[in-house]
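In what follows, a single structure is set out as C-alpha cells and then discussed.
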Amino acid sequence: MAFYRPAPWQKPLSVALLIAALALPTLLTAIGQEFYVGFATRVLIFALAATSLNLVLGFGGMVSLGHAAFLGAGAYVAAICQQAGINEALLAFPAAMGVAGLFALLVGAISLRTRGVYFIMITLAFAQMAYYLFVSARAWGGDDGLPLTGKMAFAGIGLGGDTPLYYLALGCLALVMLLFGRLADARFGRTLQAIRENETRMEALGYAVFRYRLAAFALGGALAGLAGALLANLTGLASPNLLQWTQSGTLLVMVIIGGVGYLYGGVVGALILLVLEEFLVGLTPHWHIALGVLLLGVVLFAPKGVAALFGKRHG
Amino acid sequence: MVEGLLEVRGLCRRFGAIEALKDIDFSVDTGEVHALIGPNGAGKTTFIHHVSGALQPDAGSVRFAGQDVTTFGMHRRVAAGMARSYQITNIFLGLDALDNVALAVQGRPDAGSSFRFWRPVRSETALFDEARSYLEQLGLGSKATTLAGNLSHGEQRALELAMALATRPRLLLLDEPMAGTGPEESARMVELIEHLARHVTILLVEHDMDAVFRLADRISVLVNGQLICTGTPEAVRNDAAVRRAYLGDHL
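Same order as they appear, the protein sequences are chains A and B. Note that the numbering used here has the first sequence beginning at 93, numbered continuously upward. Note that the numbering used here has the second sequence beginning at 6, numbered continuously upward.
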C-alpha cells in the first residue's frame with residue numbers, strides 16, 4: 093500500500109468542503125428541508141467514527157472487529173455524565189474520549205500481542221464482553237440503554253434543536269481531520285505506515301513496533317469515544333446496540349467503501365453508506381440487497397475504495 | 006583475553022527433533038571482517054537470527070559490547086549497535102530511496118522520538134541530510150528520489166546496506182549480500198563492503214567463496230549446526246576437516 097503524502101489540491105479542497113458544510117444548515121432551511129440537518133449530523137458523526145477506525149486499520153494495518161466498543165463506551169460516558177449532573181460537553185466529551193481511549197489501551201495492550209485472524213477474534217471478543225456488560229448493567233438501563241434527558245450544553249450554550257449539534261459535530265470532525273492529516277505526514281504516521289508495510293524490517297531498524305501500534309490503537313479508540321458522545325446527543329440514547337459487532341462491521345464497511353489508508357476514506361465511506369441507506373430505505377425494505385451489490389461493485393471495480401478514484405494516488 | 010565485540014557462548018537451539026545449533030562458541034573482534042560459511046542447511050541463517058535477536062536460544066548466551074543481550078529483542082539489540090541486512094531484499098518499495106534511509110536514521114535513539122504528530126517529516130532537514138550522505142557513500146546519490154521499487158536489484162541491495170549503516174552500528178550483520186547479484190554487481194558489492202569494513206566491524210554470511218576469501222580477516226565454518234573450525238583464510242583453506250566436510254575440491 094502506498095504511503096500517505098498530502099496532494100497539492102488537498103488543502104483548498106478541504107477548505108471548500110468545510111465552507112460548504114458550514115453553509116449547509118442555512119441552505120437546507122432556505123429550501124424548507126430542515127429535517128435533513130439531523131441526517132447530516134449523523135453523517136458527520138459516522139465520518140468521525142469511520143475515520144478513527146481508518147487510523148487503526150488503514151494506517152496501522154490492524155484489522156479490528158471491535159471498534160464499536162469504543163464508540164459505545166463514549167456514548168455511555170456522555171449519558172452517565174448527564175445522569176450524574178454533568179451536562180457540559182466540554183467536560184463530558186473529554187471524559188468520553190479518556191474512558192474510550194483507556195479502554196482501547198487495555199484492549200490493545202492484550203490483543204496486539206497476537207496477529208492476523210487471532211487479532212480480529214480477540215478484538216471481537218473484547219467488544220462482545222463490553223456489549224454484554226452494558227446489557228446486564230441495570231443501573232444504566234440494561235438492554236433498553238440509557239436515555240439522555242435532552243441535549244447537553246457546549247460552553248454553557250444549549251445544543252437543543254438540530255443546528256447547534258451539527259456545528260459541534262462539524263467542528264470536531266474538522267479538528268480531527270486536521271490532526272489526522274498532520275500526524276499521517278509526521279514522524280508518527282511515517283512510522284505507523286512503515287510498520288504496516290513491514291513490521292520485521294522496522295524492528296530491525298530499532299523501532300519498538302508494539303508501542304507505536306498501541307498508541308495508534310488507543311488514539312483511534314479515543315476518537316471513536318468522541319464520536320460516541322456526539323451520537324448519544326443526536327439520538328438521545330446510549331444503547332448497547334452501539335457496541336455490538338454488527339456496528340463494528342458497519343464501520344469496517346464504511347472504511348472499505350471509502351478507501352482503506354486514504355485520509356478521507358472514512359468520510360467518503362460514511363457519506364456514501366448513509367446516503368444510500370437513507371435513499372434505499374424509502375424505496376424498499378430489502379435495501380440490504382442493493383447495499384450488497386454496491387459492496388461487490390466497490391471490491392471489483394475500485395478495490396482501493398472510492399477515495400482512491402479521485403486524482404492520483406497519494407505518495 | 007580481551008572480550009570481543011560479539012561473544013557467543015554455548016549456544017544451542019533445537020527445532021523439534023532437529024538440533025539446529027549445537028553448543029556454539031563464537032566471537033567477532035572489533036574491527037575485523039568475520040565470515041561465516043557452511044553448506045546449505047548448516048544453520049547459518051538460524052545462527053544469524055540468534056545473534057540479531059529474531060530468535061531466542063534454548064541455552065547459551067550472547068554478549069555484545071560487554072553487555073549480556075541474550076534476552077534482548079531485535080529492536081533493543083539494534084539500539085545497542087547491531088544492524089543487519091537481509092538475504093532477501095527488505096526495503097520499503099513504496100518510498101523513494103532517500104525516504105527509506107531517512108526512516109532508518111529516524112529509528113536511531115539519538116535521532117529523537119518518533120512520537121511526533123504535527124511537523125511534516127519532510128521538513129526535518131537533519132534526517133534527510135544525513136540520509137543523503139549514506140546514499141552517497143553507497144553510490145546511490147543520484148537515485149535519491151527514485152522509488153525503491155524501481156531500483157535495479159543491485160541498487161536495492163546497496164540501499165539495504167545504506168539503511169543498515171544509517172542505524173550507525175558497531176557491528177554489521179550481512180546475510181548473503183551477494184545473493185542474486187550478477188558478476189558485475191558482485192564485484193561492486195565487494196568493493197562497497199571493503200569500504201564499509203574500514204568503519205565498522207562486519208559479520209558476513211556468504212556463499213560466494215571468492216568474495217569471502219577476499220574480504221574476511223577470519224573465517225568460521227559451520228557444518229550441521231556445529232562450528233568445526235575458526236581461523237585465518239589461509240588456515241581454513243588448509244584445514245583437512247573443512248576440506249572433507251564442505252569445500253571439496255573448490256580450492
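From the three backbone atoms N, C-alpha and C, an ideal C-beta is built for every residue, glycine too. Quantities reported herein were computed from a predicted structural model and do not represent experimental measurements.
Residues of chain A with CB under 7 Å from residue i, in chain order?
{"i": "V13(B)", "result": "Within 7 Å Cβ-Cβ: nothing; V13(B) doesn't reach chain A, min ~19 Å."}
{"i": "P125(B)", "result": "D277, A278"}
{"i": "L100(B)", "result": "F95"}
{"i": "A84(B)", "result": "G298"}
{"i": "R89(B)", "result": "A296"}
{"i": "G185(B)", "result": "Near G185(B) there are no residues of chain A at all, since even the closest Cβ is about 18 Å away, more than 7 Å."}
For residue i, write down the residues that DSSP places opposite it in a beta bridge.
{"i": "P239(A)", "result": "L329(A)"}
{"i": "H39(B)", "result": "L208(B), R223(B)"}
{"i": "V228(B)", "result": "Q231(B)"}
{"i": "G250(A)", "result": "A245(A)"}
{"i": "A177(B)", "result": "Before going on, a small fix: residue 177(B) reads as Leu here, not Ala. For L177(B), which the question treats as bridged, DSSP gives the partners A88(B), I207(B)."}
Mind pulling the chain B residues with CB within less than 7 Å of residue i?
{"i": "T283(A)", "result": "S119"}
{"i": "A286(A)", "result": "F97, L108"}
{"i": "A141(A)", "result": "Chain B residues near A141(A): none, gap ~20 Å exceeds 7 Å."}
{"i": "R134(A)", "result": "Within chain B, no residue comes near R134(A); the closest Cβ sits about 29 Å away, beyond 7 Å."}
{"i": "R293(A)", "result": "N95"}
Assign residue i to one of two classes, buried (16 or more other C-beta atoms within 10 Å of its C-beta) or exposed (fewer than that).
{"i": "F246(A)", "result": "buried"}
{"i": "H39(B)", "result": "buried"}
{"i": "A112(A)", "result": "exposed"}
{"i": "P174(B)", "result": "buried"}
{"i": "K103(A)", "result": "exposed"}
{"i": "Q72(B)", "result": "exposed"}
{"i": "V115(B)", "result": "Reading off the sequence, residue 115(B) comes out as Asp, not Val. When all chains shown are included, D115(B) counts as exposed."}
{"i": "H1(B)", "result": "Residue 1(B) is absent from the structure shown; chain B starts at 6 and stops at 256."}
{"i": "K404(A)", "result": "Low confidence applies to K404(A): its pLDDT is 48, below 50, so where it sits in the model is not reliable enough to give any reading."}
{"i": "Q153(B)", "result": "First, the amino acid is wrong: residue 153(B) is Ala here, not Gln. Buried, since its Cβ has 16 or more Cβ neighbours within 10 Å."}
{"i": "G9(B)", "result": "buried"}
{"i": "S225(B)", "result": "buried"}
{"i": "V195(B)", "result": "buried"}
{"i": "Q174(A)", "result": "buried"}
{"i": "V367(A)", "result": "exposed"}
Using only alpha-carbon positions, find the residue among the options that is nearest to residue i.
{"i": "G43(B)", "options": "V106(B), E239(B), C234(B)", "result": "C234(B)"}
{"i": "L157(A)", "options": "F211(A), G124(A), D277(A)", "result": "F211(A)"}
{"i": "G146(B)", "options": "A70(B), P188(B), L178(B), D101(B)", "result": "D101(B)"}
{"i": "Y91(B)", "options": "H380(A), V268(A), R293(A)", "result": "R293(A)"}
{"i": "V391(A)", "options": "M346(A), V367(A), A266(A)", "result": "M346(A)"}
{"i": "R97(A)", "options": "V373(A), A278(A), M189(A)", "result": "A278(A)"}
{"i": "T186(B)", "options": "V205(B), E160(B), R89(B)", "result": "E160(B)"}
{"i": "E126(A)", "options": "A314(A), V360(A), Y258(A), L318(A)", "result": "Y258(A)"}
{"i": "T327(A)", "options": "A307(A), T338(A), A132(A), L225(A)", "result": "A132(A)"}
{"i": "G384(A)", "options": "R205(A), T342(A), E295(A)", "result": "T342(A)"}
{"i": "D30(B)", "options": "K49(B), S66(B), E37(B), G117(B)", "result": "S66(B)"}
{"i": "G237(A)", "options": "L318(A), G177(A), A324(A), G208(A)", "result": "A324(A)"}
{"i": "A394(A)", "options": "G351(A), L271(A), M269(A), L182(A)", "result": "G351(A)"}
{"i": "V106(B)", "options": "P125(B), F77(B), Q142(B), G48(B)", "result": "Q142(B)"}
{"i": "V107(A)", "options": "M269(A), T121(A), I123(A), I349(A)", "result": "M269(A)"}
By the three-class DSSP mapping on this structure, what secondary structure does residue i have?
{"i": "K396(A)", "result": "coil"}
{"i": "P377(A)", "result": "coil"}
{"i": "M221(A)", "result": "helix"}
{"i": "L109(A)", "result": "helix"}
{"i": "L16(B)", "result": "strand"}
{"i": "G21(B)", "result": "coil"}
{"i": "E165(B)", "result": "helix"}
{"i": "M87(B)", "result": "strand"}
{"i": "F69(B)", "result": "strand"}
{"i": "G351(A)", "result": "coil"}
{"i": "I233(B)", "result": "strand"}
{"i": "I93(B)", "result": "coil"}
{"i": "P114(B)", "result": "helix"}
{"i": "A426(A)", "result": "Outside the modelled stretch of chain A, which goes from 93 to 407, sits residue 426(A), for which no answer is possible."}
{"i": "L152(B)", "result": "strand"}
{"i": "V199(A)", "result": "helix"}
{"i": "P182(B)", "result": "coil"}
{"i": "G407(A)", "result": "For G407(A), the predicted model reports a pLDDT of 36, less than 50, meaning its position is unreliable and no value from the coordinates is stated."}
{"i": "I29(B)", "result": "strand"}
{"i": "L11(B)", "result": "strand"}
{"i": "P98(A)", "result": "coil"}
{"i": "D134(B)", "result": "helix"}
Could you work out which residues of chain B lie near residue i, taking near to mean beta carbons separated by less than 9 Å?
{"i": "N290(A)", "result": "N95, I96, F97"}
{"i": "Y304(A)", "result": "S119, F120"}
Against residue i, what residues of chain A qualify as contacts under a CB-to-CB distance less than 8 Å, listed in chain order?
{"i": "M168(B)", "result": "L297"}
Going along chain B, which residues have a C-beta under 8 Å from residue i?
{"i": "R205(A)", "result": "Neighbours of R205(A) on chain B: none; closest Cβ ~13 Å, over 8 Å."}
{"i": "A307(A)", "result": "F120"}
Run down chain A in chain order and give the residues with a C-beta less than 9 Å from the C-beta of residue i.
{"i": "Q92(B)", "result": "Here the premise fails: no neighbours, minimum Cβ distance about 12 Å."}
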